[in-house]
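Take a look at the structure below.
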Amino acid sequence: MTNTNHEDAAAGFDPLRPKLMRVAYRMLGSVADAEDMVQEAFIRWMGADRSAVREPEAFLRRTVARLCLDQLKSARRQRETYVGPWLPDPIVEEEQEEDVTLPLMLALERLSPLERAAFLLHDVFGLGFEEVATTIQRDPAACRQLASRARTHVREARPRFQIEKQKSLEIAEAFFTASRSGDMTTLGAMLAADVSIHADGGGKRPAAMKPIIGFDAVMTVHEQLAVLFQKNGSKLVRAGFVNGLPGFVTLEADGELQTTALEIEDGKVAAIYVMRNPDKLRHLH
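Quick note, the sequence shown lines up with residues 1 to 285 if you use full-length UniProt numbering.
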């Protein structure tokens, strides 16, 4: 392939890369895997007869979605041997992404690859069922059924309580301050009765091997952590939205980054999601 052809392919592809990354990441929950799928789509784009492609964006979205479907099948096998709770790679942004929050991504994990693809392409990215059908190579009626089944499974994970952006960031900041300073009275007042902690260490760093459920259990964990934080500080790197939830990035005593995301319902912290697996934090450095 000549340099000119290569440059033409890149010129058509590069403006679409962020959109394709959104599709791939929401399909896979992994930044590195999403980047690999988008790069593979670029390689295929370079080798395609681009003059015959009427809609490059639709062509590339189909290519990425199909690559992700294949990847999901092998990812599912890997998750079966994953050490401790699995959380998606954290995406930290200044603005709130409300289409696919962290709880919804966890709900998507319980779907079949085809259900996940149909739901994301139709309900999240707004494609018609004709295009969804072309993308996942099923007829439109089957795609409607797949999306409907997925919708039923993930309904509970959709945000039910809208919280104003600034207020949610204030709750996250107060949570960081209380949890790191050992102010258990303030921390306790922030937590819902059925609050839970979900920590992903991936077997690489210490983390609870299963979710910690209930006010008393969560408070006990934070009392123990407060002692450690007083000996070895936890430094706030930045606040923002982690996978659509208010949260923050910290630098911990072992020199590694960590993200904390808070699911807030009725003004109370209902779930705490902590990413400690260094493999899933590399893109934040």
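Backbone N, C-alpha and C define an ideal beta-carbon position, used for all residues, glycine too.
> So, do the region 232 to 251 and the region 90 to 100 have three or more beta carbon pairs nearer to each other than 8 Å?
Replying inline: yes
> At which residues does the alpha helix (DSSP H) containing I136 begin and terminate?
Replying inline: Position 136 of the sequence shown, counted from the first residue, corresponds to residue 136. Its alpha helix (DSSP H) spans residues F129 to I136.
>> Within a Cβ cutoff of 8 Å, which residues of the same chain sit near T135, ignoring the five residues on either side of it in sequence?
In response: As a first step, residue 135 must be located in the sequence shown, where it is residue number 135. Once the five neighbours on either side are set aside, the close Cβ partners of T135 are R61, R62, A65, R66, A117, L121 and L127.
> Between K231 and the rest of its own chain, which residues show a CB-CB distance below 6 Å, the 5 nearest in sequence each way excluded?
Replying inline: By one-based count along the sequence shown, residue 231 stands at place 231. Closer than 6 Å at the Cβ level, and outside the excluded window around K231, lies no residue.
>> One question on the structure: do F119 and L106 come within less than 8 Å of each other, judged by their Cβ atoms?
In response: Numbered from its first residue, the sequence shown carries residue 119 at position 119. Numbered from its first residue, the sequence shown carries residue 106 at position 106. No, Cβ-Cβ distance for F119 and L106 is not below 8 Å.
>> Here's a check: name, in chain order, each residue in its chain whose Cβ is nearer than 6 Å to the Cβ of A192, leaving out the five neighbours to either side.
In response: For the purposes of this step, residue 192 is taken as residue 192 along the sequence shown, with counting starting at 1. So the list reads K268 and A270, once near-sequence residues are dropped.
> With distances taken between CB atoms, is the gap from E57 to L16 smaller than 8 Å?
Replying inline: The residue you call residue 57 lines up with position 57 of the sequence shown. The residue you call residue 16 lines up with position 16 of the sequence shown. Yes, these two residues count as a Cβ contact at 8 Å.
>> Measuring straight from C-alpha to C-alpha, what distance separates Q224 and D254?
In response: Translated into the one-based positions of the sequence shown, residue 224 becomes position 224. Translated into the one-based positions of the sequence shown, residue 254 becomes position 254. For Q224 and D254, the distance between alpha carbons rounds to 17 Å.
>> Assuming Q39 is part of the beta strand (DSSP E), what are its boundary residues?
In response: Within the sequence shown, residue 39 is the residue found at index 39, counting from 1. Note, Q39: premise wrong, no beta strand (DSSP E); alpha helix (DSSP H) at V31 to G47.
> If we count the other Cβ atoms within 10 Å of its Cβ and call it buried at 16 or more, is M209 buried or exposed?
Replying inline: Within the sequence shown, residue 209 is the residue found at index 209, counting from 1. That one is exposed.
>> Which of the three DSSP states is assigned to M1 in this structure?
In response: Counted from its first residue, the sequence shown places residue 1 at position 1. With a pLDDT of only 47 at M1, under 50, the local geometry of the prediction cannot be trusted, and the value read off the model is given with reservation. Coil.
> For the alpha helix (DSSP H) that D216 lies in, which residues bound it at each end?
Replying inline: As a position in the sequence shown, residue 216 is number 216, starting the count at 1. Start and end: F215 to K231.
> With DSSP run on the structure shown, which of helix, strand or coil describes D183?
Replying inline: By one-based count along the sequence shown, residue 183 stands at place 183. D183 falls in the coil class under three-state DSSP.
>> Could you give the first and the last residue of the continuous beta strand (DSSP E) run that contains A258?
In response: The count along the sequence shown starts at 1 and reaches residue 258 at position 258. Residue identity differs from the one stated: residue 258 is Gln in this sequence, not Ala. Unbroken beta strand (DSSP E) run through Q258: L257 to E265.
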